[in-house]
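Here the UniProt record's numbering is used: the first residue of the sequence shown is 1, the next is one more, and so on. A virtual CB, placed ideally from N, CA and C, is assigned to each residue, including glycine.
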Amino acid sequence: MAGQSRGRRSRASGFEMAGLSAQDRMRQKMEKKAKKKTEAKYSVQQLLEKAEDCMDNFNFELAQMFCQRALDLEPDNITVLEMMGNIFAELGNSEKAKEVFQRSVELRPEEGHAKYMYLGQIHGGEEAVQYFRKGTELMIREYQKQKELVTQAAACDPDNLEVTSQNISTAFCSVAEIFLTDLCLEEGAADNCKEALEKALEYDPSNPEALQLMASYLFSTEQQQEGKTFLMKSIEQWLPSYQKAVTEQQSQGDDDSEQLQNLFPPYESRITTGKLLIEAEEYEVAVEILEGLLEEDDEVVQVWYLLGWVCYLQAEKSDQEAAFKKSARAYLTKAKKLYTKLKCDDSPLLDHTEQLLADLGGAEGSEPSDDEQPPTEDIQDDFVESSDEEEMEQ
Numbered sequence: 001m002a003g004q005s006r007g008r009r010s011r012a013s014g015f016e017m018a019g020l021s022a023q024d025r026m027r028q029k030m031e032k033k034a035k036k037k038t039e040a041k042y043s044v045q046q047l048l049e050k051a052e053d054c055m056d057n058f059n060f061e062l063a064q065m066f067c068q069r070a071l072d073l074e075p076d077n078i079t080v081l082e083m084m085g086n087i088f089a090e091l092g093n094s095e096k097a098k099e100v101f102q103r104s105v106e107l108r109p110e111e112g113h114a115k116y117m118y119l120g121q122i123h124g125g126e127e128a129v130q131y132f133r134k135g136t137e138l139m140i141r142e143y144q145k146q147k148e149l150v151t152q153a154a155a156c157d158p159d160n161l162e163v164t165s166q167n168i169s170t171a172f173c174s175v176a177e178i179f180l181t182d183l184c185l186e187e188g189a190a191d192n193c194k195e196a197l198e199k200a201l202e203y204d205p206s207n208p209e210a211l212q213l214m215a216s217y218l219f220s221t222e223q224q225q226e227g228k229t230f231l232m233k234s235i236e237q238w239l240p241s242y243q244k245a246v247t248e249q250q251s252q253g254d255d256d257s258e259q260l261q262n263l264f265p266p267y268e269s270r271i272t273t274g275k276l277l278i279e280a281e282e283y284e285v286a287v288e289i290l291e292g293l294l295e296e297d298d299e300v301v302q303v304w305y306l307l308g309w310v311c312y313l314q315a316e317k318s319d320q321e322a323a324f325k326k327s328a329r330a331y332l333t334k335a336k337k338l339y340t341k342l343k344c345d346d347s348p349l350l351d352h353t354e355q356l357l358a359d360l361g362g363a364e365g366s367e368p369s370d371d372e373q374p375p376t377e378d379i380q381d382d383f384v385e386s387s388d389e390e391e392m393e394q
């Protein structure tokens with residue numbers, strides 16, 4: 001009878017793997033073998049440690065396997081669920097991450113802020129605000145507990161806190177940004193945005209993101225001078241140290257951009273900085289920041305467009321009108337060609353680009369047929385020549 005039982009199990013296993021490729025069958029066998037081995041050998045805590053080691057080494061697939069083993073042992077373990085949610089997020093599986101984090105919310109709604117912040121990021125509008133506010137509430141609660149512990153225990157290092165004032169400031173920025181975008185037309189949006197930004201600056205007065213968002217808010221409420229003050233203060237928090245580091249790298253012949261990553265805001269944030277600087281008529285600083293973005297990634301249409309726009313505006317207020325117009329034309333031509341090449345979908349940007357080019361006499365090389373157009377890659381070389389001419393004229 002025992003032999004018959006083993007035979008039935010073997011046949012059932014064969015039916016399960018029917019239709020699978022050899023590679024998939026091998027993977028399933030390895031996973032089952034690993035599951036039996038880890039269940040017998042490791043505790044949940046040990047599995048979590050192994051998963052964390054894998055994440056530290058960017059091996060998220062293996063981390064997922066260890067974390068799944070831990071979930072098999074303790075399906076309602078909050079720590080395991082939140083780690084699995086982070087792993088799914090890193091793997092780009094937002095639906096699975098959302099499912100896991102929502103399960104964690106159901107089990108422990110008053111514990112763990114990270115799940116709420118992630119859920120806020122993948123939702124929009126009022127739902128996002130609710131998640132962000134709950135996450136911020138839990139962060140503040142944890143931060144206050146930490147401060148009490150630091151006061152009671154002199155040996156506790158305040159620089160190694162799990163939740164920092166900077167974290168809370170950034171969380172309030174997330175709330176403010178929703179009211180500047182998704183909910184900007186809702187009643188009370190301006191007041192809610194201002195309140196969140198004031199809280200963000202209360203927890204971290206030197207947060208570049210909070211200062212820049214306050215500038216955006218003030219510009220949107222037609223408080224231009226106040227907005228400019230906050231904008232320049234935001235830039236002061238990172239641009240001088242970035243400039244110094246770049247100069248040092250150049251003098252040493254070091255072009256490792258990764259060393260500079262912590263010295264400035266993310267790429268998209270600096271695009272917004274460029275836009276706001278143009279609005280504030282701080283053209284020279286705008287050009288410096290936008291040209292820095294090109295050095296990092298020269299295939300972003302918006303950056304080429306903004307450089308063309310700022311050169312066009314400079315031409316109107318400069319005694320070097322011809323040089324600025326030539327640079328504007330080169331930048332805008334590149335923006336238009338890149339727009340087509342990348343199949344972008346931003347009609348207002350394209351319309352304004354074409355309008356500016358029309359004012360400048362048309363795109364570079366617009367007279368020949370399409371087959372005779374210079375390749376997109378050559379436009380940057382054209383601009384470099386125009387920049388050199390501008391310097392000579394100066």
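{"Check": "Uninterrupted alpha helix (DSSP H) stretches inside the region 81 to 111 (no shorter than 4 residues)", "Outcome": "94 to 107"}
{"Check": "Run of the alpha helix (DSSP H) containing residue 179, from where it starts to where it stops", "Outcome": "165 to 180"}
{"Check": "N-terminal and C-terminal residue of the alpha helix (DSSP H) that residue 342 is part of", "Outcome": "Where residue 342 is concerned, there is no enclosing alpha helix (DSSP H), given that its DSSP letter is neither H nor E."}
{"Check": "Residue 317 - DSSP class collapsed to helix/strand/coil", "Outcome": "coil"}
{"Check": "Rounded separation between residue 219 and residue 227 - CA only", "Outcome": "5 Å"}
{"Check": "Within the region 277 to 306, ranges of the alpha helix (DSSP H) (whole runs, at least 4 residues)", "Outcome": "283 to 296"}
{"Check": "DSSP-derived helix/strand/coil call for residue 70", "Outcome": "helix"}
{"Check": "Residue 71 beta carbon near the ligand SAM (any heavy atom closer than 6 Å)", "Outcome": "Looking for the ligand SAM in the displayed structure turns up nothing, as the structure carries no ligands at all."}
{"Check": "Other residues of its chain near residue 352: CB distance less than 8 Å, five sequence neighbours each side excluded", "Outcome": "305, 309"}
{"Check": "Helix, strand or coil at residue 76 [DSSP, three-state]", "Outcome": "coil"}
{"Check": "Contact under 7 Å by Cβ, residue 430 with residue 142", "Outcome": "One cannot answer for residue 430 here, as it falls past the ends of the chain, which runs 1 to 394."}
{"Check": "Euclidean distance between Cα positions of residue 55 and residue 107", "Outcome": "25 Å"}
{"Check": "Three-state secondary structure assigned by DSSP to residue 136", "Outcome": "helix"}
{"Check": "Helix, strand or coil at residue 206 according to DSSP, with G and I counted as helix", "Outcome": "coil"}
{"Check": "Close-in-space but distant-in-sequence residues of the same chain around residue 307 (CB under 6 Å, 5 per side omitted)", "Outcome": "290, 331"}
{"Check": "Alpha-carbon to alpha-carbon, residue 84 and residue 57", "Outcome": "16 Å"}
{"Check": "Exposed unless 16 or more other CB atoms sit within 10 angstroms - verdict on residue 358", "Outcome": "exposed"}
{"Check": "Residue 123 - DSSP class collapsed to helix/strand/coil", "Outcome": "coil"}
{"Check": "Assumed close pair residue 80, residue 44 - CB separation to whole angstroms, cut-off 8 Å", "Outcome": "7 Å"}
{"Check": "Residue 70 versus residue 51: straight-line alpha-carbon distance, rounded", "Outcome": "9 Å"}
{"Check": "Burial state of residue 267 (16 or more Cβ within 10 Å)", "Outcome": "exposed"}
{"Check": "Residue 399 versus residue 251 - alpha carbon distance", "Outcome": "This structure leaves residue 399 out entirely; the chain is present only between 1 and 394."}
{"Check": "Limits of the alpha helix (DSSP H) - the one that residue 264 falls within", "Outcome": "Premise fails: residue 264 is in no alpha helix (DSSP H) and is neither H nor E."}
{"Check": "Other residues of its chain near residue 354: CB distance less than 8 Å, five sequence neighbours each side excluded", "Outcome": "336"}
{"Check": "Burial state of residue 198, where buried means 16 or more other Cβ atoms lie within 10 Å", "Outcome": "exposed"}
{"Check": "Pairwise C-alpha distance: residue 246 and residue 184", "Outcome": "38 Å"}
{"Check": "Close-in-space but distant-in-sequence residues of the same chain around residue 264 (CB under 6 Å, 5 per side omitted)", "Outcome": "238, 242"}
{"Check": "Distance between beta carbons of residue 231 and residue 280, contact taken as under 8 Å", "Outcome": "6 Å"}
{"Check": "Residue 203 classed as buried or exposed, judged by whether at least 16 other C-beta atoms fall within 10 angstroms", "Outcome": "buried"}
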